[in-house]
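Peer 1: Structure incoming, see below.
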Amino acid sequence: MSDEMAEIITEFITEAEESLEHIDPLFVELEAKTYDREILNEIFRSMHTIKGAAGFLGFQNIVDVAHRSENILKKLRDGEMTVSTSLMDTILKSVDMIRLLLRHIKLNDGMEEDTSLLLRELDEALNVSQSSTAAETINTEALSSAATSAQDTADGFDINDIESIQANMHKETDKIEESVKSETVIQPLPSKSAVISAPEGSSGATAVKDVAQTLRVDVNRVDKVMDLTGEIVLVRNRLLNIANYLENKYSEDNHVENLLSTVSFLDLVTSDMQLAVMKMRMQPLKKVFGKFPRLVRDMAVSLDKDIELEISGEDTEVDRFVIEHIGDPMVHIIRNSIDHGIESMEERRRKGKSAKGRLSISAFQQGNQIVIDVSDDGKGIDVEKVKRKAVEKGIVTDEDTLRMTEENAINLIFMPGFSTADVATNLSGRGVGMDVVKTNILKLNGYVDVVTKKDAGSTFRISIPLTLAIVQALMVRIDQSQYAVPLAPIIETIKVDREDIGNVSGQKVLVVRGKVLPLFELTEILGFGDMGNSDYRYVLVIAIGERRFCIAVDDLLGQEEIVIKTIDGINTDESYVVGATITGEGKVVLILDLAGISRNVMTALKA
Amino acid sequence: MADTKIKVLVVDDFATMRRIVKNILRQLGYENIEEAEDGAQAYTKLKGGGFQFIVSDWNMPNMDGLELLKKVRSDPELKGLPVLMVTAEAEKEKVVEAIRAGVNNYVVKPFTAEILKEKIDRIFEKLNK
Chain A
1 MSDEMAEIIT EFITEAEESL EHIDPLFVEL EAKTYDREIL NEIFRSMHTI KGAAGFLGFQ
61 NIVDVAHRSE NILKKLRDGE MTVSTSLMDT ILKSVDMIRL LLRHIKLNDG MEEDTSLLLR
121 ELDEALNVSQ SSTAAETINT EALSSAATSA QDTADGFDIN DIESIQANMH KETDKIEESV
181 KSETVIQPLP SKSAVISAPE GSSGATAVKD VAQTLRVDVN RVDKVMDLTG EIVLVRNRLL
241 NIANYLENKY SEDNHVENLL STVSFLDLVT SDMQLAVMKM RMQPLKKVFG KFPRLVRDMA
301 VSLDKDIELE ISGEDTEVDR FVIEHIGDPM VHIIRNSIDH GIESMEERRR KGKSAKGRLS
361 ISAFQQGNQI VIDVSDDGKG IDVEKVKRKA VEKGIVTDED TLRMTEENAI NLIFMPGFST
421 ADVATNLSGR GVGMDVVKTN ILKLNGYVDV VTKKDAGSTF RISIPLTLAI VQALMVRIDQ
481 SQYAVPLAPI IETIKVDRED IGNVSGQKVL VVRGKVLPLF ELTEILGFGD MGNSDYRYVL
541 VIAIGERRFC IAVDDLLGQE EIVIKTIDGI NTDESYVVGA TITGEGKVVL ILDLAGISRN
601 VMTALKA
Chain B
1001 MADTKIKVLV VDDFATMRRI VKNILRQLGY ENIEEAEDGA QAYTKLKGGG FQFIVSDWNM
1061 PNMDGLELLK KVRSDPELKG LPVLMVTAEA EKEKVVEAIR AGVNNYVVKP FTAEILKEKI
1121 DRIFEKLNK
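First to last, the protein sequences are chains A and B.
So the first sequence is numbered by our numbering: it starts at 1 and just counts up by one.
So the second sequence is numbered by our numbering: it starts at 1001 and just counts up by one.
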């Protein structure tokens, strides 16, 4: 296969997948409205386009499936068939089949799918409609015979000019018009005669839309630019350092002044470039959210629940990496909400709620965090049940549960090996628990929280930093070592004296603005053992989700923009280190994983 | 034999299709090819001038191929431009409409370079008469 061909096929797969993604939510919308010509036309067009390109590339199996569903869609669009749940299922099945076929092409795995069953189903769906409208068949035949003769004329070698074809066409259309007229006695055929009636002119959708100027770029190229930008940021940091040093030493020198102004310009440009590259990687959450209407619809149908889905903030942009990794945990949360959260219709009625359940997904930016909420109006999480289950599974002891706050107890659902459903349904209880959700979100440097109220519902809140590669960090010194601490979760830094630190049943605590917060020493957390004599003079107050705690450090060295470089071969879960960076001085410094620290030390605290 | 130096506009909303059509046109020796995503964008480009031939898809958002064709034919500056419509089997019955609207020829998807060449040659043969 030539490179050109391989490239075209790759492009086709991407574009076809995007098309399918785009029409997925439309199906759900359509099912609710039963008939909407615009939506049907859009779905039809996507199918049609995929079929057309697949034909060129020789993917006959895709053509077969797309062609049949296209025929059904056309009839639906033209009002010759009506939308039903079963028909919708059949069309959705073909969408899924095309997706599957595309994946095989993409993976080049040589696997074949048996489409025969689906093709038969599609054919049957189409036949049902055809036998039911006999008069329509006659007209279609008349029309297609006209078209065929038109084609024959156009294809023939003896055409003199287009006029003759037109004249011919007029004759043909006259004939059809006559036949239509004779039909009208039996049955009026408004929509079909419209096809051959006088051209409507250029009415309708002639609105000239602003056409976005876009360029498709290979992701690897963007990532490369991102990497290089990171390197430039590091070099800039070093240059700034050197320039500052020189300024102190040779403040009189003209060249030093020039160097300083040049470096500060470089500083500005680098920041702008960083922002521009970051934006280049940003994509709207729509890409992920677009799949949810279909997911919710399919689940609601199979569980016989009535669920209304509300999505907002889908235009919020996040890093491409987040787009790729936020889908799975969100799907899991949504499945859980529908399966375990939203009650059956009878149960809801009994409780005096509306039979229709509500699931809302919203996204918004808050400071330098992106927040995604998934809320349901279901039965809420039963705290007592969660506690019982956790004890049963041996995650905590009976005694532990007595000391737990409600919030901490609910967070037990995120513990490995936990699953609340008494009977695992085939929808959400697949052996993967909410702990996987948590782990996946942690990989994005984010965290997930849950707020729940009995019979009012639950809200899962996911918070993710806006950018993943470059972060603002606070440089701290502990003993002889320097560490970088991501700045976002730090609420404040406080200078303390040793005697300010209290002790509550063996746990060091600090009173911060009237609140007692646990205080940890990094030497302990990192497993260096208690140095005993380090006189930490500063405390970082950290907030991860709803949790607050303090970390004692020896010195604050300043704020720096750092580029996170992952370290191969270390287990971030256990080492509390997310990666390393190179400082302005050229030193390699470890970056602390506050989310990991929060998770483990706080859990240890409770146990 | 049509002149391969002419400036061609390929109109299709599906990028892969534009690429495929462009590829086939290149095989036939056409190098001066521009693209448009739909009828509306195509019309703007055409008004910019310099085009001698249009290969347009039928089914597109905003402004479809037929509307584009009608718009071209009713525009005093553009009305003489030859238009080749790319259609699918399913649109066969609508070809009547395209011919009425003054399309120069049409080609059914999928097509080969030979078929396209034949269609283009025929269009220009007739125009040059």
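From the three backbone atoms N, C-alpha and C, an ideal C-beta is built for every residue, glycine too.
At which residue ranges does the segment 307-394 of chain A contain complete alpha helix (DSSP H) runs of 4 or more residues, listed in the order of the chain?
Peer 2: Listed in chain order, they are 320-336, 345-350, 383-392.
Peer 1: Leaving out the 5 sequence neighbours to the left and right, which residues in its chain are closer than 6 Å to residue 16/A when beta-carbon positions are compared?
Peer 2: Contacts found: 50, 102.
Peer 1: Taking three-plus beta-carbon pairs below 8 Å as touching, is the segment 5-22 of chain A in contact with the segment 259-277 of chain A?
Peer 2: No, the segment 5-22 of chain A is not in contact with the segment 259-277 of chain A.
Peer 1: Check the Cβ of residue 1014/B against every Cβ in chain A and list those closer than 7 Å, keeping chain order.
Peer 2: In chain order: 15, 49, 53.
Peer 1: Could you name the residues of the segment 77-95 of chain A whose beta carbon sits closer than 7 Å to any beta carbon of chain B, in the order they occur along the chain?
Peer 2: Residues passing the 7 Å Cβ filter: none.
Peer 1: Start and end of the alpha helix (DSSP H) containing residue 1041/B?
Peer 2: Start and end: 1039-1047.
Peer 1: Return the residue from the list 62/A, 34/A, 58/A that minimises the CA-CA distance to residue 20/A.
Peer 2: For the residues 62/A, 34/A, 58/A, the minimum Cα distance to residue 20/A belongs to 62/A.
Peer 1: Against chain B, with Cβ distances strictly below 8 Å, would residue 99/A count as a contact?
Peer 2: Residue 99/A does not count as touching chain B.
Peer 1: Runs of 3 residues minimum, wholly inside the segment 449-515 of chain A: which ones carry the beta strand (DSSP E) assignment?
Peer 2: As far as the segment 449-515 of chain A is concerned, its whole beta strand (DSSP E) runs of at least 3 residues are 457-465, 470-478, 481-486, 490-495, 502-504, 507-512.
Peer 1: For the putative contact between residue 486/A and residue 473/A, defined by C-beta atoms under 8 Å, what is the C-beta separation to the nearest angstrom?
Peer 2: Confirmed, about 6 Å.
Peer 1: Over what stretch of residues does the beta strand (DSSP E) that includes residue 1082/B continue unbroken?
Peer 2: Per DSSP, residue 1082/B belongs to no beta strand (DSSP E) and is neither H nor E.
Peer 1: In the DSSP output, what is residue 250/A paired with across the bridge?
Peer 2: In DSSP, residue 250/A forms no bridge with anything.
Peer 1: Taking only heavy atoms of the ligand ADP into account, decide whether any of them is closer than 7 Å to the Cβ of residue 76/A.
Peer 2: Ligands displayed in this structure: none; no statement on the ligand ADP is therefore possible.
Peer 1: Measuring only between beta-carbons, confirm whether residue 1017/B sits less than 8 Å from chain A.
Peer 2: Answer yes: the Cβ-Cβ gap between residue 1017/B and chain A drops below 8 Å somewhere.
Peer 1: Is the separation between the beta-carbon of residue 1062/B and that of residue 48/A shorter than 8 Å?
Peer 2: The answer is no: Cβ separation not under 8 Å.
Peer 1: Going along chain B in order, which residues have a C-beta closer than 8 Å to the C-beta of residue 4/A?
Peer 2: The answer, in chain order, is 1023.
Peer 1: Would you call the segment 248-262 of chain A and the segment 216-231 of chain A touching, i.e. three or more CB-CB distances under 8 Å?
Peer 2: No contact exists between the segment 248-262 of chain A and the segment 216-231 of chain A.
Peer 1: Comparing the C-beta of residue 21/A with each C-beta of chain B, is any distance below 8 Å?
Peer 2: So, not an interface residue.
Peer 1: Where do the N-terminal and C-terminal ends of the beta strand (DSSP E) with residue 589/A fall, by residue?
Peer 2: Start and end: 588-592.
Peer 1: Per DSSP, what kind of secondary structure is residue 445/A in: helix, strand or coil?
Peer 2: In this structure, residue 445/A counts as coil in the three-state DSSP scheme.
Peer 1: Pick from 1104/B, 1047/B, 1040/B, 1039/B: whose alpha carbon is nearest that of residue 1075/B?
Peer 2: Taking only the C-alpha atoms, the option nearest residue 1075/B is 1047/B.
Peer 1: Determine the direct distance from the alpha carbon of residue 1038/B to that of residue 1010/B, and round the result to whole angstroms.
Peer 2: Each residue's Cα considered, the two are about 10 Å apart.
Peer 1: Tell me which same chain residues have a C-beta within less than 7 Å of the C-beta of residue 76/A, skipping the five on either side of it?
Peer 2: Closer than 7 Å at Cβ, skipping near neighbours: 40, 83.
Peer 1: My assumption, with CB atoms under 8 Å, is that residue 395/A sits in contact with residue 417/A. Please give the rounded CB distance.
Peer 2: Indeed they touch by this definition, with Cβ atoms about 6 Å apart.
Peer 1: Please report how far the alpha carbon of residue 96/A lies from the alpha carbon of residue 239/A, in whole angstroms.
Peer 2: Residue 96/A and residue 239/A: Cα-Cα distance of roughly 54 Å.
Peer 1: In whole angstroms, what separates the C-alpha of residue 512/A from that of residue 537/A?
Peer 2: For residue 512/A and residue 537/A, the distance between alpha carbons rounds to 15 Å.
Peer 1: Just to check my reading of the structure: residue 1097/B and residue 1066/B have Cβ atoms closer than 8 Å, yes? What is that Cβ distance to the nearest angstrom?
Peer 2: Confirmed, about 6 Å.
Peer 1: Can you name, in chain order, every residue of its own chain whose Cβ lies under 7 Å from the Cβ of residue 92/A, other than the five neighbours on each side?
Peer 2: Excluding residues within five positions, the ones whose Cβ falls inside 7 Å are 27.
Peer 1: Residue 582/A: buried (16+ other C-beta within 10 angstroms of its C-beta) or exposed?
Peer 2: With 16 or more other Cβ atoms within 10 Å, it is buried.
Peer 1: With 8 Å as the C-beta to C-beta threshold (strictly closer), list the residues of the segment 459-481 of chain A near chain B in chain order.
Peer 2: Correct list: empty, as no residue qualifies.
Peer 1: Between the segment 233-262 of chain A and chain B, which residues of the former have CB atoms less than 8 Å from a CB of the latter, in chain order?
Peer 2: Result list empty, no residue passes.
Peer 1: What does residue 282/A pair with, by DSSP beta-bridge criteria?
Peer 2: In DSSP, residue 282/A forms a bridge with 319/A.
Peer 1: If we cut at 8 Å on Cβ distances, does residue 12/A have a partner in chain B?
Peer 2: Closer than 8 Å to some Cβ of chain B, the Cβ of residue 12/A qualifies, so yes.
Peer 1: With distance defined between alpha-carbon atoms, name the residue in 1053/B, 1126/B, 1020/B, 1016/B nearest to residue 1008/B.
Peer 2: Minimum Cα distance to residue 1008/B is reached at 1053/B.
Peer 1: Assign residue 559/A to one of three DSSP states: helix, strand, or coil.
Peer 2: Here residue 559/A sits in strand by DSSP.
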